[in-house]
Amino acid sequence: MFPNSITLIKLIPKRDDPYNDDYEEVRTYISGVRFDLRTIYSGSNNDRQIVANATVIFMPPYTNPWIELDDSYIGSKIIFNGKEYTITKVNRDIEPFNGNIYQYKVSVI
6 MFPNSITLIK
16 LIPKRDDPYN
26 DDYEEVRTYI
36 SGVRFDLRTI
46 YSGSNNDRQI
56 VANATVIFMP
66 PYTNPWIELD
76 DSYIGSKIIF
86 NGKEYTITKV
96 NRDIEPFNGN
106 IYQYKVSVI
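Numbering (the working numbering), first residue to last: 6 to 114.
Structure representation (structure tokens):
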């Protein structure tokens with residue numbers, strides 16, 4: 006169900022750089038995700054634009070290690086099968102009765 010593994014690369018500004026010009030690269034190997042390659046479009050007819058080339062699904066029981074994703078991850082990189090993708094959107098699905106995170110759906114291009 007969640008057979009794929011990815012490497013998540015997040016750039017974090019160094020604390021001693023007041024202008025945020027210098028970044029530290031943090032790589033995290035994550036297993037137990039679902040990587041669906043499919044092109045997602047927005048618009049209609051001749052005015053269509055590609056929004057995402059793939060969707061990555063993170064689910065708490067399967068994804069290891071579990072990472073709390075937020076909008077600060079937009080622009081971060083994901084490496085899957087040797088190809089690098091950029092995160093464009095992070096959707097958080099929450100269970101309605103207890104408020105726990107059910108899954109993250111991350112759009113990449």
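All C-beta atoms in this analysis are idealised placements derived from N, C-alpha and C, irrespective of residue type, glycine included.
All values reported here derive from a predicted model rather than from experimental measurement.
Option in the options with minimal Cα separation from residue i
i, options, result
"Ile84", "Arg32, Pro66, Lys19 and Gly37", "Arg32"
"Thr12", "Arg53, Gln108, Arg20 and Thr91", "Thr91"
"Tyr58", "Gly48, Thr44 and Pro65", "Note that residue 58 is Asn in the sequence shown, not Tyr. When each option's Cα is compared against that of Asn58, the closest is Thr44."
"Met64", "Asp22, Glu30, Asp27 and Ile35", "Ile35"
"Ser10", "Tyr107, Phe102 and Asn86", "Asn86"
Counted within 10 angstroms of its Cβ, other Cβ atoms place residue i as buried (16 or more) or exposed
i, result
"Leu42", "exposed"
"Tyr46", "exposed"
For residue i, the three-state DSSP class (helix, strand or coil)
i, result
"Asp76", "helix"
"Asp22", "coil"
"Thr60", "strand"
Under 9 Å between C-beta atoms of residue i and residue j
i, j, result
"Ile62", "Val38", "yes"
"Asp27", "Lys19", "yes"
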